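Structure first, commentary second.
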Amino acid sequence: MKIFRYEDVKALEVDGAPGVTIRWVINEKTGAPNFAMRVFEVRPGAATPYHRHWYEQEMFILEGTGLAVGADGEEPLEPGKVLFVLPYDWHQIKNTGSTTMRFICVIPLRPPQEEKGGETRC
């Protein structure tokens with residue numbers, strides 16, 4: 006078991022997103038073979054890029070207020086809200102509040118694999 010404070014992990018700037026940082030608190034470096042846990046911090050007025058990717062992700066809002074932006078519009082975010090983003094769904098997190106927005110985001114470390122007829126497919 007490993008226990009540490011998330012602040013002990015270096016915050017990295019997110020490319021193309023001024024005012025957004027990410028801390029990879031759990032990943033392969035900490036010994037996790039399947040999933041990564043990241044902590045994002047979004048300053049007031051900042052936003053993550055509007056993007057999509059092959060993996061699903063689960064998010065939990067810890068602090069701050071903002072909007073989840075997707076192909077179907079916007080939804081308000083506040084502490085305690087949970088988001089589930091399917092693979093290839095367009096999404097963005099915007100901080101519309103006056104304080105830093107902080108959320109946890111969990112993703113798989115590699116694509117899922119299916120075994121069919123002795124083949125492994127990604």
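For the sequence shown, position 15 matches number 20 in my numbering, and the numbering has no gaps at all.
Positions of the beta carbon are idealized from the N, C-alpha and C atoms, including for glycine.
Since the structure is predicted, the reported quantities are computational estimates derived from the model, not experimental observations.
The stretch 67 to 82 in contact with the stretch 8 to 19 per 3-pair CB rule at 8 Å: no
Residues bridged to H56 by DSSP? Residue mapping note: residue 56 aligns to position 51 of the sequence shown, counting from 1. In DSSP, H56 forms a bridge with H96.
Close Cβ partners of W29 (< 7 Å) along its chain, the five nearest in sequence each way excluded: Within the sequence shown, the letter at position 24 stands for residue 29. Excluding sequence neighbours, W29 sits near V14, A41, R43.
Under a three-way DSSP split, which group does E83 fall into? In the sequence shown, the residue the question calls residue 83 occupies position 78. Reduced to three states, the DSSP call for E83 is coil.
Where T35 sits in the DSSP three-state scheme: As a first step, residue 35 is located in the sequence shown; it is residue number 30 there, counting from the start. The DSSP-derived three-state label of T35 is helix.
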